[in-house]
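Protein chains in written order, with the numbering used here: chain A, 2 to 201; chain B, 2 to 201.
See below:
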């Protein structure tokens with residue numbers, strides 16, 4: 002996705018060979034116009050998948066998920082990382098290990114909002130080791146919901162999550178796939194970059 | 002705002018005389034079409050205020066803030082409740098006490114994204130005791146940013162936050178103001194309800 006790749010090139014900051022900071026438009030400050038287009042792109046890619054609901058995780062998944070939900074005209078459910086006091090009963094939970102934070106947290110969704118009739122699109126801002134997406138897929142499975150696919154804004158292709166999810170049979174659509182952050186440079190996977198070039 | 006009030010009447014669940022659960026469309030499951038209209042309404046009300054940026058707080062503030070940002074064509078910044086590992090330097094912080102969770106948490110925004118040139122619209126999903134909005138206003142003040150107003154999706158008019166913010170001189174625009182949750186009934190403030198009736 003051209004607009005997104007340009008934005009990453011202009012504003013992404015390489016903090017280390019594994020950490021890319023995109024907090025100027027995606028996960029601290031948000032560019033609503035860009036994320037609106039990100040949502041449209043997810044909706045286009047999954048337009049014929051019969052999606053009934055989007056499942057994401059707080060906090061940075063919410064903006065792209067809600068924009069995709071706007072275009073697909075389906076509700077969005079976000080998993081919580083902490084239990085809320087007004088949301089205590091009938092939770093479906095999964096454990097998610099964060100390599101960045103080096104801690105395991107429990108994520109949860111109310112049973113009320115996922116059912117056997119649902120065909121879910123899982124959306125998240127980043128895909129690195131795939132733990133969050135796997136946790137969301139586990140919640141979907143426990144609810145008896147189908148997972149039509151996983152939409153990711155930025156995939157770190159050099160980490161193992163994407164391959165792992167595809168090996169498990171999930172359709173993963175990442176709008177930008179980063180090949181390497183070595184030497185402070187952001188390199189994109191050729192297909193993503195070429196798709197960008199073609200659109201431009 | 003008619004559409005919102007109808008939704009609260011249909012789907013809001015009164016858990017106690019002070020707690021209204023609206024997790025079917027606002028803060029767990031999200032109705033993107035409704036929140037798109039909520040964003041449009043905020044944008045309309047603050048269209049002549051010269052807003053340069055929206056400031057909100059994770060997680061439930063993000064969806065309405067991003068939709069308002071889409072309509073006002075300005076960036077959105079969300080304050081974090083926990084420090085991120087990739088976001089450690091140059092933070093502006095404020096302490097926020099949650100009456101629901103009975104705990105104080107520190108909220109933070111990167112200095113990079115707020116400046117003396119900014120004229121902010123603060124957005125949140127709920128206004129009860131006003132602690133989150135006050136914390137966001139404190140962050141704005143520490144950044145030297147002006148606050149043009151505060152946009153709230155649902156105000157609990159029987160709690161003290163709204164009055165406190167208005168007494169401090171803030172322009173507070175709440176799209177639905179709830180007068181009472183006594184006896185399991187949701188009563189709206191007359192002006193909000195009437196505005197709903199007029200639009201209908």
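Don't be surprised by glycine CBs; every beta carbon is placed ideally from N, CA and C.
Remember, it's a predicted structure, so these values are computed and weren't measured experimentally.
8 Å or more divides the Cβ of residue 58 of chain A from the Cβ of residue 122 of chain A. In the DSSP assignment, no residue is bridged to residue 131 of chain B.
Distance between residue 145 of chain B and residue 115 of chain B, taken at the CA atoms: about 8 Å. Distance from the CA of residue 158 of chain A to the CA of residue 177 of chain B, rounded to the nearest whole angstrom, comes to 45 Å. Residue 175 of chain B is not a Cβ neighbour of residue 135 of chain B, given a cutoff of 8 Å. By the criterion of a C-beta distance shorter than 7 Å, residue 16 of chain A is surrounded in its chain by 22, once the five residues flanking it on both sides are discounted. Between residue 72 of chain A and the set B/103, B/68, B/78, B/106, the nearest pair of CA atoms involves B/68. For residue 12 of chain B, there are no neighbours in chain A by C-beta distance under 9 Å, as the nearest C-beta there is about 11 Å away. Using a 10 angstroms sphere on the CB of residue 74 of chain A, the tally of other CB atoms stays under 16, which defines it as exposed.
Around the beta carbon of residue 14 of chain A, a 10 Å sphere encloses fewer than 16 other beta carbons of the protein chains shown; the residue is thus reported as exposed.
Going by DSSP, residue 71 of chain B is part of the alpha helix (DSSP H) stretching over 63-73. The bridge partners DSSP lists for residue 156 of chain B are B/128, B/178.
Residues of chain B with a Cβ closer than 8 Å to the Cβ of residue 70 of chain A are, in chain order, 31, 33. One finds 33, 34 in chain B with Cβ atoms closer than 9 Å to the Cβ of residue 74 of chain A, taken in chain order. Looking from the CA of residue 93 of chain B, the closest CA among B/108, B/102, B/41 belongs to B/108.
Linking residue 95 of chain B to residue 104 of chain B through their CA atoms gives a straight-line distance of about 14 Å. Annotation: the continuous alpha helix (DSSP H) that includes residue 39 of chain B extends over 33-46. The contact set of residue 59 of chain B on chain A, defined by CB atoms closer than 9 Å, consists of 59, 60, 61, 63 in chain order. Proximity of residue 111 of chain A to chain B, defined by a Cβ-Cβ separation below 8 Å, is satisfied. For residue 41 of chain A, the CB contacts under 7 Å within the same chain, skipping 5 residues up- and downstream, are 72 in chain order. Comparing alpha carbon positions, the residue from B/173, B/111, B/81, B/126 closest to residue 39 of chain B is B/126.
Straight-line measurement puts the Cα of residue 152 of chain A at about 13 Å from the Cα of residue 162 of chain A. Taking the Cα positions, residue 48 of chain B is about 44 Å away from residue 171 of chain A. Of the other Cβ atoms in all chains shown, 16 or more fall within 10 Å of the Cβ of residue 119 of chain B; this residue is therefore buried. Between residue 18 of chain B and residue 37 of chain B, the alpha-carbon positions lie close to 29 Å from each other.
Under DSSP, the beta-bridge partners assigned to residue 109 of chain B are B/81, B/94. Scanning its chain for C-beta atoms nearer than 8 Å, with the 5 sequence neighbours on each side dropped, one finds around residue 76 of chain B the residues 54, 55, 70, 114, in chain order.
Residues of the region 113-124 of chain B with a Cβ closer than 7 Å to any Cβ of chain A, in chain order: 114. About 25 Å separates the beta carbon of residue 173 of chain B from that of residue 29 of chain A, a gap too long to meet the 8 Å contact definition. A direct Cα-Cα distance of roughly 21 Å separates residue 83 of chain A from residue 130 of chain A.
Residue 39 of chain B does not reach chain A, its nearest Cβ partner there being about 11 Å away, counting only Cβ pairs nearer than 7 Å. Judged by DSSP in its simplified three-state form, residue 150 of chain A adopts strand.
When rounded, the separation of the alpha-carbon atoms in residue 27 of chain B and residue 184 of chain A is 43 Å. Beyond the five residues adjoining it in sequence on each side, residue 46 of chain B comes within less than 6 Å, by CB distance, of 174 in the same chain, given in chain order.
Across the structure, residue 12 of chain A and residue 3 of chain A are spaced so that their CA atoms are roughly 14 Å apart. Sixteen is the threshold: when 16 or more other Cβ atoms of the shown chains lie within 10 Å of the Cβ of residue 132 of chain A, as they do, the residue is buried.
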